[in-house]
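In the numbering used here, the protein residues as written are 93 to 328. Below is one structure, written out as structure tokens; comments come after it.
Structure, rendered in structure tokens:
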């Protein structure tokens, strides 16, 4: 039975989807990767499982993570991505299934000695599957939109938000890197983006890290329901 790959924070760890799951340290040509493996899922906590050793976005080893998922028989990967809304119409608590992304900073690559020239994209088929799963779960999502990836780990200035909000709908620090490396490794990748805050400058007070984390946790149950329906649709 093929596993679904899932990359996220710690929202899903300990959930009913990972009952009797085993935590493994996988070896890859790019370094080790920590994966929580069940019969149906290979769940990769991108920031680690130890709050005292939180892996910051710019230090995530994306090639190792995606290579480890592929080695576990995964061909489809869903990213659960925390984002800031760049429009007032995208409020905290909303979920976006983006159709494209922008990343102007140099990103990671799975290329070792070989030459890899891909045309980056999100998987249309997996996007459609996520939208269908959301409808089946009764979870309202936004179909489409563009994700802008910032390098991190800091949030953006007001001026940066004014610059990018004409080109994108949500902003985060991980999706583009995961999508590119996944495609280099022959994996399908699509995302459920949790809008956890308004981007800096859209409202009077800038978001705090604690507020963003609370909002991500609150959206977790909706994400869980969508993934459950995705697994059911695949016959898992």
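By construction, the Cβ of each residue, glycine as well, lies at the ideal position given by its N, Cα and C atoms.
By DSSP's assignment, residue 134 forms a beta bridge with 97 and 129. Across the set 278, 283 and 292, the C-alpha of 283 shows the shortest separation from the C-alpha of residue 322. Straight-line measurement puts the Cα of residue 136 at about 23 Å from the Cα of residue 303. Within the stretch 201-275, the beta strand (DSSP E) runs of at least 3 residues that lie entirely inside it are, in chain order, 238-241 and 262-264. The beta carbon of residue 202 sits closer than 6 Å to the beta carbons of 155, 273, 276 and 277 from its chain, once the five residues preceding and following it are set aside; these are given in chain order. When secondary structure is reduced to three states using DSSP, residue 163 falls in the helix class. Between residue 219 and residue 238 the beta-carbon gap is near 13 Å, outside 8 Å, which marks them as no contact.
DSSP places residue 312 in the helix class (H, G or I) of the three-state scheme. In the three-state DSSP reduction, residue 317 falls in the helix class (H, G or I). Just so you know, the alpha carbons of residue 231 and residue 101 end up roughly 20 Å apart. Separation of residue 131 and residue 308 (C-alpha to C-alpha, rounded to the nearest whole angstrom) is 26 Å.
Listed in chain order, the non-local C-beta contacts of residue 95 below 7 Å within the same chain comprise 132, 133, 134, 164, 165 and 166, local neighbours out to five positions each way being set aside.
The Cβ-Cβ distance between residue 265 and residue 172 does not fall below 8 Å. Between the beta-carbon of residue 152 and that of residue 138 there is about 5 Å, and that keeps the pair under the 8 Å contact cut. Residue 260 and residue 194 have their alpha carbons spaced roughly 8 Å apart. In the three-state reduction of the DSSP assignment, residue 297 falls in the coil class, being assigned neither a helical nor a strand state.
Judged by DSSP in its simplified three-state form, residue 112 adopts coil rather than helix or strand. In the three-state scheme derived from DSSP, where H, G and I count as helix and E and B as strand, residue 304 is classed as helix. Beta-bridge partners assigned by DSSP to residue 285: 173 and 188.
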